[in-house]
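Structure first, then comments.
Number of protein chains: 2
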Amino acid sequence: MLELAVLGLLKQKAMHGYELKKQLAEELGFFRQFSYGSLYPTLKRLALEEAVEMEYARGETPRRKNVYRITPRGEAAFATLLEESGAEATESREAFMLRLAFFRYMNPETRRRLLEGRRGYLQERLAKLRESLKRLRERMDSYSVQLMNHRVDDTEHDLRWLDDLLERERRLGAEPALPTRPAAEGS
Amino acid sequence: MLELAVLGLLKQKAMHGYELKKQLAEELGFFRQFSYGSLYPTLKRLALEEAVEMEYARGETPRRKNVYRITPRGEAAFATLLEESGAEATESREAFMLRLAFFRYMNPETRRRLLEGRRGYLQERLAKLRESLKRLRERMDSYSVQLMNHRVDDTEHDLRWLDDLLERERRLGAEPALPTRPAAEGS
DNA sequence: GTTAGCATGTAAGGAGTTACATGATTTT
DNA sequence: AAAATCATGTAACTCCTTACATGCTAAC
Chain A
1 MLELAVLGLL
11 KQKAMHGYEL
21 KKQLAEELGF
31 FRQFSYGSLY
41 PTLKRLALEE
51 AVEMEYARGE
61 TPRRKNVYRI
71 TPRGEAAFAT
81 LLEESGAEAT
91 ESREAFMLRL
101 AFFRYMNPET
111 RRRLLEGRRG
121 YLQERLAKLR
131 ESLKRLRERM
141 DSYSVQLMNH
151 RVDDTEHDLR
161 WLDDLLERER
171 RLGAEPALPT
181 RPAAEGS
Chain F
1 MLELAVLGLL
11 KQKAMHGYEL
21 KKQLAEELGF
31 FRQFSYGSLY
41 PTLKRLALEE
51 AVEMEYARGE
61 TPRRKNVYRI
71 TPRGEAAFAT
81 LLEESGAEAT
91 ESREAFMLRL
101 AFFRYMNPET
111 RRRLLEGRRG
121 YLQERLAKLR
131 ESLKRLRERM
141 DSYSVQLMNH
151 RVDDTEHDLR
161 WLDDLLERER
171 RLGAEPALPT
181 RPAAEGS
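Read top to bottom, the protein sequences are chains A and F.
Mapped onto the working numbering, the consecutive letters of the first sequence carry residue numbers 1 to 187.
Mapped onto the working numbering, the consecutive letters of the second sequence carry residue numbers 1 to 187.
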């Protein structure tokens, strides 16, 4: 997750770790916080894999603000991570939403696959939820009933939203993915 | 999390691991799935700590259905875990909801503390979310805008729900916590 | 009799957190 | 000159998952 988020953010703009952490909590702001204890090692690892590299801007020495820039290899890795989104991306709210934040980089089929995958998952869960509610309502305390009902509402709300997104996707048709290398040549 | 959930489920009824796993996905159904690879070791550890113990019902040999029962020590541990719910319980949706599923075991002050803690957290996040949206709207692609807007709606929805729960709590006043040892003596 | 589901476990690994440690730069 | 916040990192640990390994029992 962190790796995907980092690559996606660096795709927009070169940044150093500290800045990245703030963006993770802001640009993807809704999104969860990661600690430095995972962020810096991740950057280091990505650098080792040559998915990112350091930018020594304005003669600044390293190890006092390490500005990282994504490399072509990193772009490829990012694209692969997005395209290969599996079960996690449909079953985990966070994983799904992270992908959604990077929808502009996906091709239309992948977008649809993810949206429908998530929708299917939520529909299934909604059915199970309702079944549980029906079967257990009598035996449950009022807090649990409240919780279950809220879950149902929440899931329905999410489903309407997904339907909306799918509808838009259909209407706007094949909005192409942004290129891997955005606007490489001048102006 | 798993430990809390297991103790809470065993409080209702003695169960073996396999059964527990199904209940985790059903009674707390909405709730996340845990794998056997974490469930069985957790039961083992709890048994070692004497928070749970095996029930050798009807002369059944162990190691073919291990039915676990919560002990007084386990009840105490469960109560402590609930009462000491810290930041995680207000900042993580899942952690919060798990507590809510066990609200009947808490005393009214703890319930209120948790509900208001969660509300405060969501209010703060909502403010940040709106600020981000305002500041970044122009620079965001339409998917990110959709995502942010949905987050805002979602958070508002959650806040209304929390207000509702708090209101109920006030109206129904001091619904006492269920005892640590439920209905110990007969009928 | 063979497939599906019940039932339990271990070992290795993944993906993060917390706590610790350090020091520069900016603001008050 | 003190305090805040910017900035980077490591080591130990937590909590979970995946993959593996085993065997019973019920249904078809």
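All C-beta atoms in this analysis are idealised placements derived from N, C-alpha and C, irrespective of residue type, glycine included.
Open item on the list: List, from N- to C-terminal side, the alpha helix (DSSP H) runs of 4 residues or more that fit wholly inside the segment 71-126 of chain A.
Closed with: Qualifying alpha helix (DSSP H) stretches, in chain order: 72-83, 87-91, 93-101.
Open item on the list: Given 7 Å as the limit, tell me if R32 (chain F) has its C-beta closer than that to any heavy atom belonging to the ligand ATP.
Closed with: The ligand content of the structure shown is nil, which means the ligand ATP is not present either.
Open item on the list: With H, G and I counted as helix, E and B as strand and the rest as coil, what does DSSP make of M15 (chain A)?
Closed with: Reduced to three states, the DSSP call for M15 (chain A) is strand.
TODO: Could you tell me if T42 (chain A) is buried or exposed, where buried requires 16 or more neighbouring beta carbons within 10 angstroms of its beta carbon?
DONE: Buried is the call here.
Task: CA-to-CA distance, Q123 (chain F) to R93 (chain F), given in whole angstroms - done: When rounded, the distance between both Cα atoms is 14 Å.
Task: Straight-line Cα distance separating R104 (chain A) from Y143 (chain F) - done: Rounded to the nearest angstrom, the gap between the Cα atoms of Y143 (chain F) and R104 (chain A) is 7 Å.
- [ ] Using the Cα positions of P125 (chain A) and E131 (chain A), report the straight-line distance between them to the nearest angstrom.
- [x] A small correction: the amino acid at residue 125 (chain A) is Arg; Pro does not occupy that position in the sequence shown. It is roughly 10 Å from the alpha-carbon of R125 (chain A) to the alpha-carbon of E131 (chain A).
Task: chain F residues whose Cβ lies nearer than 7 Å to that of E237 (chain A) - done: The shown model of chain A, from 1 to 187, leaves out residue 237 (chain A), and the question about it has no answer.
Open item on the list: Can you tell me whether D163 (chain A) is buried or exposed? The criterion is at least 16 other CB atoms within 10 Å of its CB, across all chains shown.
Closed with: Under this definition D163 (chain A) is an exposed residue.
Task: Residues of the segment 31-44 of chain F whose Cβ lies closer than 8 Å to any Cβ of chain A, in chain order - done: Sequence-ordered contacts of the segment 31-44 of chain F with chain A are nonexistent [C-beta pairs closer than 8 Å].
Open item on the list: At a CB distance below 9 Å, what residues from the segment 136-147 of chain F approach chain A? Give them in sequence order.
Closed with: The residues in question are L136, M140, D141, S142, Y143, S144, Q146, L147.
Open item on the list: For N107 (chain A), which residues in the same chain have their Cβ closer than 6 Å to its Cβ, ignoring the five residues on either side in sequence?
Closed with: A177.
TODO: Spatial neighbours of A95 (chain F) within its chain, please: CB distance less than 8 Å, with the 5 preceding and 5 following residues excluded, ordered by chain position.
DONE: Closer than 8 Å at Cβ, skipping near neighbours: M1, S85, E88, A89.
TODO: Please classify Y18 (chain A): is it buried, with 16 or more other beta-carbons within 10 angstroms of its beta-carbon, or exposed?
DONE: The residue in question, Y18 (chain A), is exposed, as its Cβ has fewer than 16 Cβ neighbours within 10 Å.
Task: F103 (chain A) at chain F interface by Cβ criterion, 8 Å - done: Answer yes: the Cβ-Cβ gap between F103 (chain A) and chain F drops below 8 Å somewhere.
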